[in-house]
Amino acid sequence: MATEIELRAHVTEAQAKTLKDELGKAADAVVQSRCFIDYSTFIEGIGERRLDVRVRVTNGSPEFVVKRGQFGGAKREEAIARILPEDLSGALSVMALLGYEKGVAGGRRIHRGTVGEVEIAVQEVLDFKNPTQAADCFVEVEYVGKLHDDKKAEETLREFLKKRGIKAFLPEEWNEYVAMLNKKWNGVYVHGETPVEVIRLLGAKNS
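Count along the sequence shown starting at 1, add 250, and that's the number in our numbering.
Written out as structure tokens, the structure reads:
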């Protein structure tokens, strides 16, 4: 199990472009297509949750993702288990039998890479019903350096954003932003009703 130190912020179109230009110089820069199913919203709520339970497909690779800690907080524990692509349908059935039958579903186009000690993920929010264009955009920055002091790692992220004129969400601001995304741009996955191919195709790697 890993511990992640991460901040999130809304970004304007201009700020997103600046970050993408910066990522263009990163050796590990990639563009990812992702579809996720967030089960926790319908079980615990958004800000109330202590477990963040998801299945997601990124560039065609499915996985279970569980995070523990304050939703919107800087520090959370994270565990990930890969799923064979051909087992996605079975994995969703396992989740349904465990009681996870319904979740918020969303599509993202992610520009990801590392600058110094910070991994940047510029996330373009896609309209789940018509995922051809970005409807909104936010950034996640995660500390990937060697500091073992969580507070100093978080300070590194805040300074990184500040230098670029970007203000990190407070936890309650992140909760409100996610609620807005759920209302306007995300969709709903229901096991046995939503075709698995919808999830698979939205998370498929673009050629």
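Glycine included, C-beta positions come from ideal geometry on N, C-alpha and C.
### Query
Starting from arginine 408 and walking both ways along the alpha helix (DSSP H), at which residues does that stretch end?
400 to 413
### Residue span of the beta strand (DSSP E) that contains glycine 340, given as start and end
Counting along the chain, glycine 340 falls outside any beta strand (DSSP E), though it belongs to the alpha helix (DSSP H) covering 338 to 347.
### Message
Within the continuous beta strand (DSSP E) that includes tyrosine 393, where are the two ends?
### Response
384 to 393
### Task
Entirely within the stretch 280 to 322 and at least 3 residues each: give me those beta strand (DSSP E) ranges in chain order.
280 to 288, 301 to 308 and 311 to 318
### Message
Using C-beta distances below 8 angstroms, list every residue in its chain close to tryptophan 435, excluding the 5 sequence neighbours before and after it, in chain order.
### Response
Gly356, Val375, Leu376, Asp377, Phe378, Ala385 and Asp386
### Task
Indicate the three-state DSSP secondary structure (helix, strand or coil) for isoleucine 370 in the structure shown.
strand
### Message
I want to check one thing, is the minimum distance from the CB of valine 305 to the heavy atoms of the ligand GTP below 7 angstroms?
### Response
Absence of the ligand GTP is noted for the structure shown, with no ligands found whatsoever.
### Query
In this structure, does DSSP put alanine 355 in helix, strand or coil?
strand
### Task
Determine the extent of the beta strand (DSSP E) in which alanine 331 is found, giving its start and end residues.
325 to 332
### Task
Give the DSSP bridge partners of threonine 364, in chain order.
Glu369
### Opening and closing residue of the beta strand (DSSP E) in which valine 438 lies
437 to 440
### Task
Express the C-alpha separation of isoleucine 255 and aspartate 400 in angstroms, rounding to a whole number.
7 angstroms
### Query
When DSSP builds the beta bridges, which residues end up paired with alanine 252?
Glu328
### Query
Exposed or buried, proline 445, counting other C-beta atoms within 10 Å across all chains shown (16 or more means buried)?
exposed
### Query
Does the Cβ of alanine 536 have 16 or more other Cβ atoms within 10 Å, making it buried, or fewer, making it exposed?
The chain is shown from 251 up to 457; residue 536 falls before or after that span and cannot be answered.
### Query
Less than 8 angstroms separating the beta-carbons of valine 440 and lysine 352?
yes
### Task
Return helix, strand or coil for valine 261, following the three-state DSSP convention.
coil
#### Entry: Residue span of the alpha helix (DSSP H) that contains leucine 452, given as start and end
446 to 452
#### Entry: Backbone secondary structure at leucine 431 - three-state DSSP
helix
### Query
How many angstroms separate the CA atom of leucine 348 from the CA atom of lysine 275?
44 angstroms
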